[in-house]
Amino acid sequence: MGPLGSLKFVTLLVALIPELLFLGAGVQLQDNGYDGLLVAINPQVSEDQNLIPNIKEMITEASFYLFNATKRRVFFRNVKILIPATWKANNYSKVKQELYEKANVIVTDRYGAHGDDPYTLQYRGCGEEGKYIHFTSNFLLNDELIAGYGPRGRVFVHEWAHLRWGVFDEYNDEKPFYINGQNQIKVTRCSSDIAGIFVCEKGPCPQENCIISKLFKEGCMFIYNSTQNSTASIMFMQSLSSVVEFCNARTHNQEAPNLQNQMCSLRSAWDVITDSADFNHSFPMNGTELPPPPVFSLAQAGDKVVCLVLDVSSKMAEADRFLQLQQAAEFYLMHIVEILTFVGIISFNSRGEIRAQLYQINSDDDRKLLVSHLPMTVSAEAEISICSGLKKGFEVVEKLNGKAYGSVMILVTSGDDEHIGNCLLTMVSSGSTIHSIALGSSVVENLEELSHRTGGLKFFVPDNSNSNSMIDAFSRISSGTGNIFQQHYQLQSTGENVKPHHQLKDAVTVDNSVGNDTTFLVTWQTSGPPEILLFDPNGRKYYTNNFTTNPALQTASLCVPGTAKPGLWTYTLNNTHHSRQALKVTVTSRASSSAMPPATVEAFVERDSTRFPHPVMIYANVRKGIYPILNATVTAIIEPEAADPVALDLFDNGAGADIIKNDGIYSRYFFSFAANGRYSLKVHVSHSPSLSGLAYSIPGSRAMYVPGYIANGNIQMNAPRKSAGRSEEEQKWGFSRISSGGSFSVLGVPAGPHPDVFPPCKIIDLHAVKVEEEVTLSWTAPGEDYDQGQANSYEIRISKHLQNIQDDFNNAILVNTSKLNPQKAGTKEVFTFSPKFFTKGPDHQPDEETQENHRIYVAIRTIDRSSLKSAVSNIAQASLFIPPHSAPILARDNLILKGVLTAVGSIGIICLIIVITHCILNRKKRADKKKNGTKLI
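Quick note on my numbering: the sequence shown kicks off at 8 and runs consecutively.
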């Protein structure tokens with residue numbers, strides 16, 4: 008597309024009405040109100056007449072709470088709730104381009120180890136948006152849970168701050184207590200003004216108290232007062248009625264060992280929020296009136312309608328493009344598209360042609376009939392009109408219900424159409440989702456904009472004879488309903504150029520969570536299939552004559568009867584042709600049982616396009632139901648337009664591109680750009696049965712469940728948090744999955760050699776621990792280039808003032824690291840130094856306010872051989888100069904309570920009241936009290 012065409016395209020985008028711009032673009036903030044929030048109910052959730060009213064009530068309450076918490080900045084204006092097709096029709100509006108997998112908030116009936124904990128999946132860093140908020144249906148329906156979590160609207164705001172602004176929790180279940188800079192025992196909280204008392208959860212407290220030699224006895228907990236004076240913080244305990252704001256610079260507890268401090272370098276949640284794009288482009292509303300309540304709309308998917316819009320111009324004859332299209336389209340129609348779906352077929356060059364009106368798939372005969380309507384030849388015409396093809400597609404799908412709402416277009420093209428912008432407005436407003444598959448390097452630059460604006464996926468198929476990207480793309484396109492038990496899963500996708508009379512040998516694992524409708528597809532380039540030999544786990548053999556062959560499309564497929572046996576299936580393809588040819592294998596399957604969720608993989612990139620030298624962040628979300636799968640081997644395969652594929656291992660180690668360890672999201676930087684243009688991405692995941700695989704908790708960002716409160720001097724415990732029973736099914740076979748991650752584009756890549764422009768990546772997991780008179784630091788080594796290779800040196804600086812190291816790292820005290828040599832990227836680094844040698848300068852003389860604060864702050868910067876420096880790491884902190892043999896003390900204004908507290912004993916409650924009264928009258932004598940009292944911080 009020339010400059011004039013690009014300008015016309017951009018002009019059309021600008022001219023679109025705001026409502027259309029929101030489509031496919033997620034939640035938008037306009038005039039202080041959020042538009043486009045999408046809540047989707049999973050089809051496995053049973054219909055309940057109270058669920059939708061409760062969702063509405065929650066978000067309405069959240070809108071007003073959020074408005075006040077953000078100082079009159081933002082509220083929720085328009086919300087759409089996606090009703091599953093499994094529910095009864097009730098005059099809901101028709102779904103347009105809304106999909107379950109695109110929802111900001113999902114509601115399921117799947118429970119984690121922490122029961123009904125609402126949580127947000129955050130896979131990026133501080134200040135970055137998350138993926139979605141998750142609620143269980145029980146959380147939304149069971150009012151008894153409100154006592155533990157607080158009002159649902161407040162919980163929603165807690166999770167919204169995770170999702171929208173990238174802030175993190177201010178509590179820490181694993182480290183509920185810590186020793187502060189004054190050598191005092193403190194509770195991990197924000198703000199520090201929130202008060203409560205220590206109690207024993209499992210019987211009477213021992214005489215030694217909850218705290219013994221800096222350790223905390225099992226069963227001790229800290230119960231908070233139900234009535235507080237503190238107004239912060241929402242990211243700590245939104246359930247407290249007094250809490251109406253986020254921790255700011257004044258109230259933030261920088262010493263607390265929580266995720267907010269670790270991920271955001273000790274910055275307060277409010278500081279991060281006010282730096283967001285939302286706040287940079289909005290101002291507080293004038294006046295004192297509250298905003299209007301949110302407007303809700305309910306939409307339900309109707310009939311599933313798909314139309315294939317296939318390019319048959321002469322460019323499709325190049326590099327086996329048309330053959331790959333035929334093979335993939337046949338596989339999609341025969342095995343991937345779900346039953347009861349209406350399917351139509353369009354072909355186009357400069358004009359569109361209807362090849363098949365809508366047929367509903369009810370049987371294999373219907374599938375075969377549709378395959379017979381696929382185009383069999385390309386035209387001699389090189390010119391194409393994508394708009395003409397799509398308009399014919401709309402003509403077909405609108406015959407069903409008069410509208411294209413909720414329909415899906417799968418657009419496959421290899422041509423350059425400079426007029427594609429002419430129909431953009433029509434496409435975006437149609438209510439149809441357009442998935443685009445680009446073939447070769449000459450496809451129009453703005454093709455993907457159609458998909459982006461309509462909420463569709465975008466794929467790229469390089470002209471590589473042994474690439475399986477076309478079939479991978481069709482396999483990735485699902486109904487988008489969120490029903491993981493109906494979808495097809497790719498277990499294998501491989502291809503190889505095989506020499507004459509040589510073989511392609513491989514194996515694929517079929518695990519016990521899949522097995523229904525298991526299909527083996529073999530494709531080849533020349534006439535006649537290869538010799539096929541397939542063994543099931545019991546040794547049964549399948550030969551070429553057991554496969555259904557289509558000589559015209561050069562495919563052979565075997566659909567395993569019933570449920571495929573779990574275990575290792577091995578196959579051999581023998582190239583009997585006299586020349587080298589590409590042989591490819593694809594294996595797909597569905598869930599074996601609705602009682603056992605299959606392992607799923609979602610591959611994606613942070614951004615659809617980048618400009619050199621900025622890297623692409625590649626992610627793979629690997630789960631079984633809602634549980635993260637750990638210790639998997641995850642490899643991304645990146646295919647450029649005209650270069651060899653690149654294999655890149657992804658990691659879930661909490662370092663480099665991976666923000667949170669063991670959250671099931673495997674990540675990596677990719678920067679090995681071969682040239683400008685499109686890149687195709689797919690991810691292969693395998694898991695060995697010998698490794699522990701399932702995390703029975705949801706890591707990261709959850710709303711706190713409060714075990715109980717102190718009300719009027721009485722301990723009032725909430726019901727124990729429900730912990731979902733987990734099946735410990737024996738995993739004998741491991742599993743294998745393939746998932747396409749679509750495509751991304753890279754611009755600005757130099758044509759020839761270029762100097763090193765890739766610095767080491769930022770260290771995000773720096774920890775500091777004081778041992779005797781020394782401080783031990785630990786972190787994961789970055790690389791010479793981001794997270795690859797081996798860096799040259801480290802620069803470690805310390806300060807007793809957080810502000811100094813945050814704002815002026817270069818002038819903080821430099822630690823001698825001459826004997827510290829960086830190890831290979833991904834290796835755990837440990838370095839110990841004595842801070843007393845570095846804290847004698849004028850910068851570190853204590854002032855009146857900080858003379859009691861015996862802490863240092865530490866950060867690291869990594870340097871490569873080209874003297875390129877990484878960003879400064881997260882800031883770690885450590886206590887200093889605690890006198891030898893001193894035990895942690897409690898703050899002088901803390902009360903010492905005599906007696907034993909229990910949650911249910913009336914005697915304990917009476918003693919509590921007596922002791923509190925006694926302590927208030929004898930505050931000056933507290934130091935002489937017996938050491939077996941329960942303590943209040």
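Here a beta-carbon is modelled for each residue, glycine too, at the ideal position from N, C-alpha and C. Since the structure is predicted, the reported quantities are computational estimates derived from the model, not experimental observations.
Is there contact between the stretch 124-139 and the stretch 163-173, where contact requires at least three CB pairs shorter than 8 Å? yes
Contact criterion: CB-CB distance below 8 Å. Does Q191 meet it with respect to chain C? You won't find chain C in this structure, because it holds only one protein chain.
With 16 other CB atoms within 10 Å as the buried threshold, where does H442 fall? buried
Can you check DSSP and say which residues form a bridge with P767? Y793
Helix, strand or coil at F816 [DSSP, three-state]: Note: F816 maps to helix in three-state DSSP.
Three-state secondary structure assigned by DSSP to N721: strand
Residue burial classification, L488 (beta-carbon count within 10 angstroms, cutoff 16): For the record, residue 488 in the displayed sequence is Thr; it is not Leu. With a 10 Å radius around the Cβ and a threshold of 16 neighbouring Cβ atoms, T488 comes out buried.
Keeping to the same chain, check which residues put their C-beta closer than 6 Å to that of D656; ignore five residues upstream and five downstream. T642
Just verifying my parser: in three-state terms, what is the DSSP assignment at I914? With a pLDDT of only 37 at I914, under the threshold of 50, the placement of this residue in the model should not be trusted, and no figure is reported.
Enclosing beta strand (DSSP E) for M624 [first to last residue]: 623-631
For the candidate residues E791, Y339, L457, whose alpha-carbon lies nearest to that of S564? Nearest option by C-alpha distance: Y339.
Would you grab the beta carbon distance between E802 and R868 for me? Rounded to a whole angstrom, and I think it's under 8 Å. 4 Å
Cβ-Cβ distance between K506 and D543 below 8 Å: Cβ distance not < 8 Å, so K506 and D543 don't count as in contact.
Tell me whether the beta-carbon of S386 lies closer than 8 Å to the beta-carbon of L498. In this structure, the beta-carbon distance from S386 to L498 does not fall below 8 Å.
Quick check on V764: buried or exposed, where buried means 16 or more other Cβ atoms within 10 Å of its Cβ? exposed
Own chain, CB closer than 8 Å to K399, minus 5 neighbours either side, in chain order: V316, I353, F355, G359, E360, I361
Where does the unbroken beta strand (DSSP E) through A866 begin, and where does it stop? 862-870
So, are the CB atoms of V592 and F527 less than 8 Å apart? yes
Nearest-angstrom Cα distance between L381 and V114? 39 Å
Under the assumption that I745 contacts H691 (Cβ atoms under 8 Å), give the Cβ distance between them as a whole number of angstroms. 5 Å
Restricting to Cα atoms, I'd like to know which of D794, E780, N818, R483 is closest to R862. The candidate whose alpha carbon is nearest that of R862 is E780.
Could you tell me which of F492, V623, Y496, L457 sits nearest to I484, measuring between CA atoms? For I484, the closest alpha carbon among the candidates F492, V623, Y496, L457 is that of Y496.
Q588 bridges to which residues according to DSSP? V505
DSSP-derived helix/strand/coil call for E456: helix
Under the rule that 16 or more other beta-carbon atoms within 10 Å means buried, what is A256, buried or exposed? exposed
Per-residue DSSP class, three states only, for P842: helix
If distances are taken between C-alpha atoms only, which option among S320, N260, I633, P91 comes closest to G188? N260
S198 and C254 look like a contact to me (Cβ under 8 Å); what is the Cβ gap, rounded to whole Å? 6 Å
Could you please give the first and the last residue of the uninterrupted alpha helix (DSSP H) stretch that includes L147? 144-148
Same chain, Cβ closer than 7 Å to Y712, five either side skipped, listed in chain order: D124, G155, Y156, R728.
Under a Cβ-count criterion, where at least 16 other Cβ atoms within 10 Å of its own Cβ denotes burial, should V313 be classed as buried or exposed? buried
Where does H495 sit, in a helix, a strand or coil, going by DSSP? Reduced to three states, the DSSP call for H495 is coil.
Helix, strand or coil: which one does DSSP assign to T583? Looking at T583 - three-state DSSP - the assignment turns out to be coil, as it is neither helix nor strand.
Identity of the residue in Q561, S599, Q56 nearest A336 by Cα: Ranking Q561, S599, Q56 by Cα distance to A336 puts Q561 first.
How about the stretch 459-469 and the stretch 664-673: do they share at least three Cβ pairs that are nearer than 8 Å? no
With C-beta atoms as the reference, is Y716 less than 8 Å away from N149? no
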